[in-house]
Every structure is written in C-alpha cells, then in structure tokens.
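Engineer: Take the sequence shown: its position 581, counting from 1, is numbered 700 in the numbering used here, and each next residue is one higher. I have a structure here, written as structure tokens, and I will follow up with some questions on it.
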Amino acid sequence: MDKSEALKKAKIACPETGIEIRHTLCGICSPSNNCGVDAYVKDGRLVKVEGTDSHPKNHGLLCAKGQSNREFIYRKDRILTPLRRCGARGEGRFEPVTWEEAYREIAERLGKIREQDGADAVAFFGGYNKWYRPWLRRFAHSFGTFNYGTESSSCMTSFWMAWKTAAGQLMVPDFKNTDLVLGWAFNPFYSGHLQAKRMMALKEKGTKFLIIDPRITLAAEKLADLHLRPWPGTDGALALCMANVLIQKGWIDREYIEAHVHGFEPYAEYVKQFNEENIEKLTGVSYAQVEQACAMIHESSSMAVNGSSAPLPHHRNGFQNLRAIHALLAITGNIDCRGGELPGYHTFTHQVSGYLTGDEEFADETEPEHIRPAVGEERFPLWFHMEREMQAMDLARQILEKKPYPIRAVFAMGMNYRMFPDDETMKRALGELDFFVDTDLFMTDTAMLADLVLPVCSSFERGEFMSYEGGYAWYTNPVIDRVGDCKSDVEILSDLAKVMDLGDEKLAAGYEANIAEMTEGLGVTVDQLKASDTPLRVEKRLNGGPGQWLKGGFPTKTGKFELYSELIAEHPQWKLDPLPTYREPLDEADPAEYPFRLCSGGRLPGAIHSRLHKVPWVRSMRPDPMADISLEDAEALGLKEGDDMEIFTERGAVTVKANPTSRVPEGVVFLFHGYSEADVNSLMSGTHLDPYSGFPAYNSTRCGMRKKVTS
Ligand SMILES: Nc1nc2c(c(=O)[nH]1)N[C@H]1C(S)=C(S)[C@@H](COP(=O)(O)OP(=O)(O)OC[C@H]3O[C@@H](n4cnc5c(=O)[nH]c(N)nc54)[C@H](O)[C@@H]3O)O[C@H]1N2
Ligand SMILES: Nc1nc2c(c(=O)[nH]1)N[C@H]1C(S)=C(S)[C@@H](COP(=O)(O)OP(=O)(O)OC[C@H]3O[C@@H](n4cnc5c(=O)[nH]c(N)nc54)[C@H](O)[C@@H]3O)O[C@H]1N2
Ligand SMILES: [Mo]
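As structure tokens, then:
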C-alpha cells in the first residue's frame with residue numbers, strides 16, 4: 120500500500136487525503152451528555168469521529184453511541200424531502216412535496232382548526248430532543264394554546280418537582296466534597312459514562328458509596344460499600360424506614376431540623392409505620408440491612424444523592440418516593456451544605472451550568488390567556504401548577520374521549536409514539552386526528568402515521584448554542600453537508616411563524632437572533648462563541664456556595680425545607696398528601712396470573728431509546744431484544760440463554776430472548792424499551808400513572824412470563 124493510500128485508509132486529516140477536522144457536538148444523547156466531537160470530514164461528508172481532547176465536557180472521551188455518529192447520520196431511512204401522505208393513514212405511501220407546499224398546508228389546516236374549535240384543539244409535542252424546546256413552547260403559546268408538551272412528561276420533571284415541592288428549587292449533589300454518595304437507582308456506567316469516571320475518582324479518594332438498586336450493576340460492583348436491593352418502586356417504604364431508624368437512634372441533626380425543616384413532627388409520627396415488622400415484606404430488604412445503611416449515614420460527615428430522571432419517578436408512587444428519599448438529607452442536615460445538596464439553577468436546555476440564560480423568559484413571553492384546561496391539567500393539577508404545560512400522558516385519552524374538549528391535530532417534532540405506556544392506544548389516537556405533522560431525521564413508525572413528514576437535520580448539520588456545567592457556553596457551526604433537503608426544527612418553526620402570520624417577530628427573526636437575546640449580558644457574544652473550536656467560559660457566572668438559604672430562608676412558603684408541603688396542603692381539591700406518604704407500586708392485575716414485576720427502565724450502554732436500534736454497529740453489541748431474568752425464574756420456567764420467551768400482561772405479549780443472570784433478583788424481569796419488534800410499552804397500562812406527576816409506571820407492572828413454544 121503506498122503512503123497516500125495508507126493515509127486515506129487510516130482516515131488521517133491532511134492535504135493528501137483532503138480530510139479536515141471540524142468541531143461539533145454529539146446530539147445523540149440529551150444535552151447533559153452533548154460531548155465535543157472532532158468530525159473528520161471529506162467533501163462535505165463525515166468519514167470518522169473522535170472525542171475532542173480539549174472539550175471541557177468529555178475531555179476526549181466518546182462512548183459507543185457517540186462513536187456511531189456516522190452510521191446514525193447516514194442511516195438508510197433518513198428522510199430526504201418533505202413528504203405528504205397519499206395512501207390511507209399508516210399505510211406508508213407518501214409523495215414528495217416542496218417546503219412551500221408543506222408550510223402552506225400546515226398553515227391552512229391548523230388555521231382552520233383554530234378557527235372552528237379554538238387554538239387548544241391543536242397539541243404541540245416534542246420527543247426526546249431538547250435543543251428546540253423554548254421555540255416549540257413559544258410557538259404553541261403564540262398560536263394560542265398551553266397544549267405544548269414533551270417526552271419530559273415521562274422524564275426528569277417528576278424529580279425536579281419533588282425537590283421544588285420540598286426545597287422550592289432543584290437541588291444538585293455536591294459530590295466533589297461529599298463523604299457519602301447515596302447512589303439511589305444509580306448506574307452511571309450505563310447511563311452517563313462521564314459521571315462514572317468521576318465516581319471512580321471519588322472512590323479512589325476514599326468517598327463511601329451506598330448503592331440502592333435491585334440489580335447487581337457495575338456501580339454496585341465497582342463503587343458500593345453497601346448495596347441494598349429493594350424491589351422496584353418500593354424505595355419510598357425503604358426511605359421511610361431508614362428515617363424511622365435514624366430518628367429512633369437519634370442519628371438526626373436536631374438543631375438543623377429545628378431551624379430549617381418544616382413538618383418534622385407529623386413526618387416522624389408517620390414513618391413509625393415502616394419498621395422491623397414489615398420492611399422486608401414491603402421491600403425485600405431486611406431490617407438489619409436498613410440499620411447498616413443508617414449506621415453508614417450516621418458515620419458520614421456529609422451525604423449527597425444522585426438525580427434520578429427515570430428509575431425512581433417511573434412508578435405510580437415515584438414522586439412521593441423521591442420526596443421520602445430527599446427527606447433523609449433534610450433530617451440529617453445535608454441540604455444547602457458543603458458535601459450535601461446545593462441549589463441548582465437551570466440554564467439553556469435545563470443544564471445547571473453556573474449562569475443564567477433567558478430561554479425560559481423567551482419561551483413564556485407570548486403565553487396566551489389560560490381559559491380551558493391544558494391536556495392533563497385536571498388529572499394532574501400539581502404538574503400543571505408547576506410546569507404550565509400539558510401532561511402528555513393524558514393526550515391519547517383526550518384525543519379519543521374528546522373530553523373536556525376535542526384535540527383535532529398534533530404538530531410534533533421527533534415524536535415516538537412507542538415511548539408512551541399503552542402505546543397502541545396512542546397509535547389509535549393519532550389515527551383519529553384530523554391532521555398530524557411530525558418532523559424527524561428518519562422514517563420512523565410514528566412518522567409513518569403522519570399526514571405530513573418534515574425532514575430535519577442532526578447536530579452535525581446545524582449550528583446550535585449549548586451550555587455546559589462549569590460556566591461554559593458554545594455555539595457550533597455546521598460541519599457537514601445536509602442530507603437531502605432537510606432543515607433544522609427551529610428553522611421550520613421560524614418559517615412557519617411567518618407563513619402562519621403568528622405576529623411573533625422574535626420567532627420570525629430566527630434562532631441566532633434569539634440566542635443573542637437569551638445570552639445578552641453574559642459577557643461573551645455569539646460571534647465569539649461561534650469562532651471557538653471548544654466551549655468558552657462566560658464572564659457573568661452565578662455566585663454559588665452553600666449556606667445562602669440557611670441564612671436567608673428556603674424559597675418555599677414557610678422559608679424552610681418542607682417535609683410537610685404547604686403548597687399541597689393549600690389545595691385539598693388536588694387530593695394529594697402533604698407528607699411523603701407511601702403506597703404500593705404494583706397495579707391491580709391478578710398476581711396469580713401475573714406473578715412477576717416488569718421493570719422496563721435501566722439503560723444499555725450502546726442504545727438510547729429508539730435511536731440506535733437501527734444502527735448496525737452498536738446494535739451488534741446486543742442484537743436481540745433480551746429480558747434479564749433471575750436464574751431461579753429461568754429454571755422454574757425452563758428457560759435457557761437465547762431461548763424465545765414471552766412476557767405478557769392483560770394487554771398482550773412480546774417475544775424476546777431470555778437472558779438468565781445472577782444480577783437480577785428473583786421475581787423481577789428487566790427489559791429495555793424502544794424496540795419496534797418487541798415493544799414493552801404495548802404491555803403497559805395507560806392509566807397506571809402517578810397522580811402527583813402524571814408519570815407512567817414503566818418500572819413496576821405486573822406481568823407473566825413463559826417459554827415460547829413454536830409449533
Ligand atoms: N446509554 C444510555 N444512556 C442513557 C439513556 C439511554 O437510553 N441509553 N437514556 C438517558 C435518559 S433519557 C435518561 S431518563 C437517563 C436515566 O438515567 P438515570 O435516571 O440515572 O437512571 P438509569 O441509569 O436508567 O437507572 C439506574 C439504575 O436504576 C435501577 N432501577 C430501576 N428501577 C428502580 C427502582 O424502582 N428502584 C431502584 N432503587 N432502582 C431502580 C436500574 O436497575 C438501574 O441500574 O439515562 C440517560 N442516559
Ligand atoms: N418502557 C419504557 N418507556 C420509556 C422509558 C423507559 O425507561 N421505559 N423512558 C422514558 C424516557 S426517560 C424517555 S426520555 C423517553 C424517550 O423518548 P423518545 O422521544 O422515545 O426518544 P427517542 O426515541 O430517542 O427520540 C424520539 C425521536 O426523535 C428523533 N430525533 C432525534 N433528533 C432529533 C431532532 O433534532 N429533531 C427531531 N425533530 N427529531 C429528532 C429520533 O429519530 C426519534 O425518532 O422514553 C420514555 N419511555
Ligand atoms: Mo429520559
């Protein structure tokens with residue numbers, strides 16, 4: 120092989136190969152993991168990716184998902200032009216149309232529905248893509264409705280709400296300075312590899328770890344000094360029992376409680392119900408282990424807990440379980456203290472970056488008058504009170520029942536109907552709409568149901584603003600040619616604002632002008648951010664530091680951390696409990712027929728929701744949808760590794776491969792979601808929801824399992 124051929128084969132960036140390195144970010148995960156990428160580009164096409172060494176987020180690391188960017192971006196099912204349905208809905212027949220035709224049709228049809236039934240008859244939905252959200256929310260408002268919602272109706276928000284209810288503000292762990300990491304449903308080795316690296320460094324430094332996870336995970340193996348294994352969704356009972364033990368043994372911070380905690384008396388009375396008599400029966404964890412965990416807490420000078428966007432909130436009791444866990448930090452004096460929890464303030468795309476941007480003001484500037492209840496508002500009043508947007512878990516019901524009013528159209532960006540519990544009902548609801556638009560990179564199962572499908576680009580094909588922890592901000596430039604005739608979601612919203620005559624000049628002005636406004640006063644300009652190959656540190660950062668609330672009061676009604684929520688108490692019509700009370704997680708299906716607990720949370724390192732299942736390279740690491748089951752259950756059911764098995768509920772069955780493993784407790788089955796061919800959400804109930812947050816019980820549903828017999 121001659122030298123120039125060797126250079127080409129190795130994809131070396133140099134004049135001989137014509138390959139250039141350009142800098143961008145990986146948008147496959149959500150913004151909390153938008154790592155810096157060196158894009159190797161030849162003739163406008165991506166040929167290779169590597170992590171950017173000097174990027175403050177990933178310092179050169181790139182996970183398997185990030186490494187798959189080239190295959191992801193050039194997936195065979197990329198949509199190349201706007202498409203209009205020409206067959207029956209769902210049949211999959213589409214014809215290409217121009218952008219102008221598509222825009223005109225959207226303007227006409229949404230305009231007509233608004234005229235006939237009001238703006239609320241249109242719902243706006245965004246999937247697991249966060250970067251365009253302030254624009255979509257504003258667009259819905261300018262159109263005239265609060266019926267804007269996202270995948271965050273099932274992700275993260277419940278966790279924020281739990282903190283806000285008790286502390287008035289999201290809290291974030293001060294892991295760097297803590298003595299004890301309370302890793303409650305915590306396995307960053309799978310769901311956040313950059314954090315895993317930091318945890319390993321803490322471990323080396325001598326920080327202690329208490330891991331609470333039903334499974335034996337890498338976190339349990341590599342980090343845990345003690346590992347408790349409750350059944351999914353029983354965490355609230357466990358936390359309340361821990362509180363009972365801490366109180367009984369006097370291992371609490373009475374002075375702190377006296378000064379900064381509200382509602383201790385009724386809480387202390389309530390937790391007595393969780394004790395030596397019943398805790399093992401309720402959670403699967405022995406009382407002796409609870410005592411051991413409490414001793415560990417007592418012996419630690421400080422304690423901080425991880426965030427949980429999915430596993431803890433994904434139960435019908437998830438919100439209250441989170442509150443019960445957070446309460447442990449309050450009674451031990453670990454809130455607003457070094458090594459405990461510190462106030463976290465959101466910037467752009469909900470990152471806690473250490474400075475403030477004007478994205479929320481931008482999103483809410485054109486709020487319409489609030490006349491009719493938003494979708495889900497009546498069923499989940501605390502949700503709407505805190506979020507002022509629809510709870511999308513109630514969308515399918517409202518479309519089908521038309522109560523309290525009909526929803527006739529959905530305008531979606533990156534919607535995956537399979538993310539919803541009982542997704543067959545969501546599919547049916549979408550089928551009943553008068554008009555359904557979806558934007559996506561790929562021709563997905565959901566896009567197939569739309570009347571109009573609009574092609575959008577990946578992060579490599581657009582320029583975007585991004586905020587990073589530590590005070591960093593960046594504005595990327597497009598690094599490759601766009602695939603087909605795609606646009607970015609925000610370009611579409613800005614174009615549509617003009618075509619639809621929304622009278623919203625800022626939306627019409629476009630992304631870059633909006634970012635300039637949102638970042639005004641930070642001491643760094645869009646041009647400077649764009650000119651840099653890596654994020655820059657903004658000048659105007661927040662002055663953090665623990666103890667500010669302990670001096671000035673918590674931003675709650677009482678000025679204290681509220682074990683007893685005065686907000687909830689003030690609204691008896693909500694029928695919610697002010698204390699972090701506990702109820703069983705499982706649904707009412709017959710345990711004789713459905714004896715197992717189905718937990719469809721947890722993450723796979725090489726998969727992310729529905730995005731990478733069709734990318735062959737990462738898919739090859741775990742080619743088949745597999746259920747992780749205990750060795751005991753496998754034996755009882757006659758299942759061996761690789762056998763076809765069925766998991767079933769009252770709603771149907773899915774076929775997967777059996778993966779017997781000693782990592783999983785008896786009686787629980789774990790299955791990853793997002794597969795079209797083994798769609799776990801088709802087994803879920805659409806009504807088994809958390810009344811506080813509206814979140815679905817993806818992680819605690821009764822199910823049956825059997826070996827699949829092929830005749
Ligand atoms: N590779 C990869 N990374 C991802 C994602 C992905 O799809 N793939 N998704 C991203 C998204 S959107 C989210 S929301 C986050 C989620 O990330 P996190 O909220 O951090 O949670 P997970 O890592 O999903 O789950 C951590 C552990 O919780 C355990 N667990 C499950 N149910 C329960 C329970 O009821 N109680 C207890 N104590 N433990 C439980 C699981 O066994 C798992 O080991 O991950 C993000 N990161
Ligand atoms: N059973 C079960 N169900 C779950 C969960 C679970 O743990 N178990 N987790 C829940 C959670 S935490 C989450 S976050 C959701 C995941 O939420 P989903 O919305 O299902 O996530 P994805 O499948 O990653 O993305 C949705 C679509 O967005 C498209 N997309 C990617 N980038 C862009 C873009 O820039 N613009 C547009 N318009 N589209 C884009 C993708 O191609 C994909 O089709 O699933 C929820 N559902
Ligand atoms: Mo999520």
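Where is the CB? At the ideal position from N, CA and C, for every residue including glycine. Everything numeric in this text was worked out from a predicted model, so none of it was measured.
Which residue's Cα is closest to the Cα of residue 584: 477, 699 and 522?
Structural biologist: Translated into the one-based positions of the sequence shown, residue 584 becomes position 465. If we check each option's Cα against that of residue 584, 477 comes out closest.
Engineer: Is the closest heavy atom of ligand 3 to the C-beta of residue 151 under 8 Å?
Structural biologist: Walking along the sequence shown from the start, residue 151 turns up at place 32. For ligand 3, not one heavy atom lies less than 8 Å from the Cβ of residue 151.
Engineer: With a threshold of 8 Å, establish whether the CB of residue 274 neighbours any heavy atom of ligand 3.
Structural biologist: Taking the first residue of the sequence shown as position 1, residue 274 is located at position 155. Within the cutoff, so yes.
Engineer: So, does the segment 487–494 touch the segment 213–233, judging by three or more C-beta pairs under 8 Å?
Structural biologist: Too few Cβ pairs lie closer than 8 Å, so no.
Engineer: Taking the Cβ atom as the reference point for each residue, do residue 506 and residue 276 lie within a distance shorter than 9 Å?
Structural biologist: Here residue 506 is taken as the residue at index 387 of the sequence shown, counted from 1. Here residue 276 is taken as the residue at index 157 of the sequence shown, counted from 1. A contact, by the Cβ cut-off of 9 Å.
Engineer: What first and last residue would you give for the beta strand (DSSP E) that runs through residue 284?
Structural biologist: Within the sequence shown, the letter at position 165 stands for residue 284. Note, residue 284: premise wrong, no beta strand (DSSP E); alpha helix (DSSP H) at 276–286.
Engineer: Along the chain, where does the beta strand (DSSP E) containing residue 165 start, and where does it finish?
Structural biologist: Your numbering for residue 165 matches position 46 in the sequence shown. Start and end: 164–170.
Engineer: Given this structure, state the Cα-to-Cα distance separating residue 262 from residue 559, to the nearest angstrom.
Structural biologist: Within the sequence shown, residue 262 is the residue found at index 143, counting from 1. Within the sequence shown, residue 559 is the residue found at index 440, counting from 1. Cα-Cα distance, rounded: 22 Å.
Engineer: In this structure, does DSSP put residue 221 in helix, strand or coil?
Structural biologist: The count along the sequence shown starts at 1 and reaches residue 221 at position 102. In the structure shown, residue 221 sits in a helix (DSSP, three-state: H, G or I).
Engineer: Indicate, with yes or no, if ligand 1 has a heavy atom lying under 8 Å from the CB of residue 184.
Structural biologist: Within the sequence shown, residue 184 is the residue found at index 65, counting from 1. Yes, the Cβ of residue 184 comes within 8 Å of a heavy atom of ligand 1.
Engineer: Keeping to the same chain, check which residues put their C-beta closer than 8 Å to that of residue 189; ignore five residues upstream and five downstream.
Structural biologist: Locating residue 189 in the sequence shown gives position 70, where the first residue counts as 1. If we look at residue 189 and ignore the five residues flanking it on each side, its Cβ neighbours are 165, 166, 167 and 168.
Engineer: From residue 179 to residue 548, what does the alpha carbon distance come to, in whole angstroms?
Structural biologist: Position 60 of the sequence shown, counting from 1, holds the residue named residue 179. Position 429 of the sequence shown, counting from 1, holds the residue named residue 548. One C-alpha to the other measures close to 45 Å.
Engineer: With 16 other CB atoms within 10 Å as the buried threshold, where does residue 122 fall?
Structural biologist: As a first step, residue 122 is located in the sequence shown; it is residue number 3 there, counting from the start. Residue 122 should be labelled exposed.
Engineer: Just to confirm the assignment, what range does the beta strand (DSSP E) spanning residue 631 have?
Structural biologist: Numbered from 1 along the sequence shown, position 512 holds the residue referred to as residue 631. Residue 631 -> not in any beta strand (DSSP E); alpha helix (DSSP H) instead, spanning 630–637.
Engineer: Measure the alpha-carbon distance for residue 779 versus residue 429 and round it to whole angstroms.
Structural biologist: The residue given as residue 779 occupies position 660 in the sequence shown. The residue given as residue 429 occupies position 310 in the sequence shown. Taking the straight line joining both Cα atoms gives about 24 Å.
Engineer: When the distance is taken between beta carbons, is residue 307 closer than 9 Å to residue 338?
Structural biologist: Numbered from its first residue, the sequence shown carries residue 338 at position 219. Numbered from its first residue, the sequence shown carries residue 307 at position 188. Their beta carbons are under 9 Å apart, which means residue 338 touches residue 307 by this criterion.
Engineer: Rounded to the nearest angstrom, what separates residue 330 and residue 402 at their Cα positions?
Structural biologist: On the sequence shown, position 211 is the one that residue 330 refers to. On the sequence shown, position 283 is the one that residue 402 refers to. Distance between the alpha carbons of residue 330 and residue 402 is about 15 Å.
Engineer: How many Å lie between residue 418 and residue 411 at the Cα?
Structural biologist: Here the question's residue 418 lines up with position 299 in the sequence shown. Here the question's residue 411 lines up with position 292 in the sequence shown. So the two alpha carbons sit approximately 11 Å from each other.
Engineer: Looking only at its chain, what residues have a beta carbon closer than 6 Å to the beta carbon of residue 335, apart from the 5 residues adjacent to it on each side?
Structural biologist: By 1-based counting over the sequence shown, the position of residue 335 is 216. Excluding positions up to five away in sequence, the list reads 782.
Engineer: Here's the rule I'm using: 16 or more other beta-carbon atoms within 10 Å means buried, otherwise exposed. How should residue 634 be labelled?
Structural biologist: One-based indexing of the sequence shown puts residue 634 at position 515. Burial call: buried.
Engineer: Take the Cβ of residue 346 as the centre, count every other Cβ of all protein chains shown within 10 Å, and call the residue buried at 16 or more, exposed below.
Structural biologist: Against the sequence shown, residue 346 aligns to sequence position 227. Label assigned to residue 346: buried.
Engineer: Following the continuous alpha helix (DSSP H) through residue 434, name the residue where it begins and the one where it ends.
Structural biologist: Translated into the one-based positions of the sequence shown, residue 434 becomes position 315. Looking at the DSSP string, residue 434 is not in any alpha helix (DSSP H), and its letter there is neither H nor E.
Engineer: Any heavy atom of ligand 2 closer than 8 Å to the beta-carbon of residue 608?
Structural biologist: Reading the sequence shown from its first residue, position 489 is the one you call residue 608. Because some heavy atom of ligand 2 lies under 8 Å away, the Cβ of residue 608 counts as near it: yes.
Engineer: Across which residues does DSSP place residue 161 in a beta bridge pair?
Structural biologist: Stepping through the sequence shown from its first residue, residue 161 is reached at position 42. Paired residues: 164.
Engineer: Grab me the residues of residue 596's own chain with a C-beta within less than 7 Å of its C-beta, minus the 5 sequence neighbours each way, in chain order.
Structural biologist: For the purposes of this step, residue 596 is identified with residue 477 of the sequence shown, where counting begins at 1. For residue 596, where only same-chain residues beyond five positions count, the Cβ hits under 7 Å are 582 and 649.
Engineer: Given 8 Å as the limit, tell me if residue 270 has its C-beta closer than that to any heavy atom belonging to ligand 3.
Structural biologist: Numbered from 1 along the sequence shown, position 151 holds the residue referred to as residue 270. Under cutoff, so the answer is yes.
Engineer: Using a Cβ distance threshold of 8 Å, determine whether the segment 279–298 contacts the segment 675–682, with at least three qualifying pairs required.
Structural biologist: The answer is yes - the segment 675–682 touches the segment 279–298, with three or more Cβ pairs under 8 Å.
Engineer: Between residue 576 and the rest of its own chain, which residues show a CB-CB distance below 6 Å, the 5 nearest in sequence each way excluded?
Structural biologist: Within the sequence shown, the letter at position 457 stands for residue 576. Counting only Cβ-Cβ distances below 6 Å, and skipping sequence neighbours, we find 601, 605 and 607.
Engineer: What residue from 744, 553 and 159 has the CA that sits closest to residue 242's CA?
Structural biologist: As a first step, residue 242 is located in the sequence shown; it is residue number 123 there, counting from the start. Checked all of 744, 553 and 159; the closest Cα to residue 242 is 553.
Engineer: Could you please give the first and the last residue of the uninterrupted alpha helix (DSSP H) stretch that includes residue 640?
Structural biologist: Looking up residue 640 in the sequence shown gives position 521. That residue, residue 640, is in no alpha helix (DSSP H); it is neither H nor E in DSSP.
Engineer: Classify residue 293 as buried or exposed, calling it buried when 16 or more other Cβ atoms lie within 10 Å of its own Cβ.
Structural biologist: Locating residue 293 in the sequence shown gives position 174, where the first residue counts as 1. By the 10 Å Cβ count, residue 293 comes out buried.
Engineer: Pick helix, strand or coil for residue 578, following the three-state DSSP scheme.
Structural biologist: Taking the first residue of the sequence shown as position 1, residue 578 is located at position 459. If DSSP states are grouped into helix, strand and coil, residue 578 belongs with the helices.
Engineer: When the Cα atoms are used, what is the spatial distance from residue 475 to residue 673?
Structural biologist: Looking up residue 475 in the sequence shown gives position 356. Looking up residue 673 in the sequence shown gives position 554. Whole-angstrom Cα-Cα distance: 20 Å.
Engineer: Do residue 151 and residue 725 come within 9 Å of each other at the CB atom, strictly closer than that value?
Structural biologist: Here residue 725 refers to the residue found at position 606 when the sequence shown is read from its first residue. Here residue 151 refers to the residue found at position 32 when the sequence shown is read from its first residue. Cβ distance not < 9 Å, so residue 725 and residue 151 don't count as in contact.
Engineer: In three-state DSSP terms, what is residue 308?
Structural biologist: By one-based count along the sequence shown, residue 308 stands at place 189. The answer is helix: DSSP assigns residue 308 an H, G or I state.
Engineer: So is the beta-carbon of residue 103 under 8 Å away from any non-hydrogen atom of ligand 2?
Structural biologist: Any answer about residue 103 is impossible in this case: the structure gives the chain only from 120 up to 830.
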